[in-house]
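Novice:
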Amino acid sequence: MFDLGQLERAQDVVGAAMPPTPAYAWPLLSERLGADVIVKHENHTPIGAFKVRGGLVYLDRLKRERPDAVGVISATRGNHGQSLAYAASRYRMKAMIYVPSGNSVEKNRAMRAFGAELVEYGEDFQAAREEAYRRAEATGLHIVPAFHPNLVLGVATYALELLRKAPDLDVLYVPIGQGSGICGCIMARDLLGLTTEIVGVQSTEAPSYALSFAAGTVVTTETSNTLADGMATRVPDPDALAIIRKGASRIVQVSDDEVAAAIRAYWTDTHNLAEGAGAAALAAALQEKPKIRGKRVGLILSGGNIDFELFNRWVVPETAVAGGKVLV
Numbered sequence: 110m111f112d113l114g115q116l117e118r119a120q121d122v123v124g125a126a127m128p129p130t131p132a133y134a135w136p137l138l139s140e141r142l143g144a145d146v147i148v149k150h151e152n153h154t155p156i157g158a159f160k161v162r163g164g165l166v167y168l169d170r171l172k173r174e175r176p177d178a179v180g181v182i183s184a185t186r187g188n189h190g191q192s193l194a195y196a197a198s199r200y201r202m203k204a205m206i207y208v209p210s211g212n213s214v215e216k217n218r219a220m221r222a223f224g225a226e227l228v229e230y231g232e233d234f235q236a237a238r239e240e241a242y243r244r245a246e247a248t249g250l251h252i253v254p255a256f257h258p259n260l261v262l263g264v265a266t267y268a269l270e271l272l273r274k275a276p277d278l279d280v281l282y283v284p285i286g287q288g289s290g291i292c293g294c295i296m297a298r299d300l301l302g303l304t305t306e307i308v309g310v311q312s313t314e315a316p317s318y319a320l321s322f323a324a325g326t327v328v329t330t331e332t333s334n335t336l337a338d339g340m341a342t343r344v345p346d347p348d349a350l351a352i353i354r355k356g357a358s359r360i361v362q363v364s365d366d367e368v369a370a371a372i373r374a375y376w377t378d379t380h381n382l383a384e385g386a387g388a389a390a391l392a393a394a395l396q397e398k399p400k401i402r403g404k405r406v407g408l409i410l411s412g413g414n415i416d417f418e419l420f421n422r423w424v425v426p427e428t429a430v431a432g433g434k435v436l437v
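Position 197 of the sequence shown, counting from 1, maps to 306 under the working numbering, and the rest follow consecutively.
1. Identify whether residue 127 lies in helix, strand or coil by the three-state DSSP scheme.
2. Is the segment 264-278 in contact with the segment 240-256, if contact means three or more CB pairs nearer than 8 Å?
3. Take the Cβ of residue 169 as the centre, count every other Cβ of all protein chains shown within 10 Å, and call the residue buried at 16 or more, exposed below.
4. Quick one, which of 335, 232, 307 and 403 has its alpha-carbon nearest residue 366's?
5. Per DSSP, residue 205 forms a beta bridge with which residues?
6. Helix, strand or coil for residue 145 per DSSP?
7. Tell me the start and end of each unbroken beta strand (DSSP E) in the segment 337-407 that is at least 3 residues and wholly inside, in chain order.
8. With a CB to CB cut of under 8 Å and the five nearest residues on each side skipped, what residues in its chain are close to residue 155?
9. Apart from the five residues just before and just after residue 245, which ones in its own chain have a Cβ nearer than 7 Å to its Cβ?
10. The alpha helix (DSSP H) that contains residue 321, what's its start and end?
11. Taking 8 Å as the CB-CB limit, is residue 417 close to chain B?
12. Starting from residue 307 and walking both ways along the beta strand (DSSP E), at which residues does that stretch end?
13. Rank 405, 279, 282 and 137 by C-alpha distance to the C-alpha of residue 378 and give the top, closest one.
14. Tell me whether residue 297 sits in a helix, a strand or coil according to DSSP, three-state version.
15. Considering only their Cβ atoms, is the gap separating residue 267 from residue 130 smaller than 8 Å?
16. Which ranges does the alpha helix (DSSP H) cover as unbroken runs of at least 4 residues, wholly within the segment 215-264, from first to last along the chain?
17. Nearest-angstrom Cα distance between residue 141 and residue 215?
18. By DSSP's criteria, residue 134 is part of a beta bridge. Which residues make up the other side?
19. In chain order, what residues of the same chain have a beta carbon less than 6 Å from the beta carbon of residue 369, not counting five sequence neighbours either side?
20. Using beta-carbon positions only, say whether residue 394 and residue 282 come within less than 8 Å of one another.
21. Quick check on residue 384: buried or exposed, where buried means 16 or more other Cβ atoms within 10 Å of its Cβ?
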């Protein structure tokens, strides 16, 4: 898909807009997991999520290859759209973003704040995505898919940062939405010649990639009713699946309750706020705690964009203090 030189040049593009995100070892998380843990904080980007890297690199290449392009159109549950809106504002391009009805209020506000024209359509991401493709022809805007080599190239820069800082990781847990993040991790690991085991994470309520990984072919689902909206995928990308099947060891499924517990653990152990997909890697590591005991473990905290209403309903009641002890 790309070589190390191209990845390093992509890192320069991303670096012009933001500094490297931190990768911290948190003692309380290590104690909780019984492992040596390092967290890659993609919640510390200008949009609060790793996707910004893909948008910056994608639009940089688009402007160089198609200088006549006036704008982009795409569909999202939030972070992909924020990425494109942020990058489009830097490159002075129009961004039209489709979201499903009932999408995250705060992610919608953020996309508009970055300058995107937001359109609500359909009941889920897939419906919004199909309408965005139809509208692309009518508007003349460039369609940006949810998975593309240039997006993977961009987001792989966080894996390059992490794996150059911690090349001795035994295992790295990565959430899966449309697959750009885990594919970027696989590519960066292979280009650096490392042996780190990469484990994907999906929701039990949206397990299309996990089912496809097991079946060896694309398997779609009828619904994707997880509160972790960054993992709410019904239709896997075939190219992403091919990379994941070749480069990941397995895909772990986590429930919404496990994700909520991981969000609480991040808050109590690190005082970092994670969105659902952002906490999924920790949820999977907690599920596999006996398997990783004593190992050096990487966790991708892919984003922190959780709505206050969801945080208040999903997380806060379970962190009530009872008898001086926080229930986590």
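Glycine is no exception: its CB is placed at the ideal position from the N, C-alpha and C atoms.
Specialist: Taking the coordinates as given:
1. coil
2. no
3. buried
4. 335
5. 182 and 226
6. strand
7. 359-363
8. 126, 127, 161 and 195
9. 182 and 252
10. 317-324
11. The structure shown contains no chain B, having only a single protein chain.
12. 306-312
13. 137
14. helix
15. yes
16. 234-248
17. 31 Å
18. 147
19. 423 and 424
20. yes
21. buried
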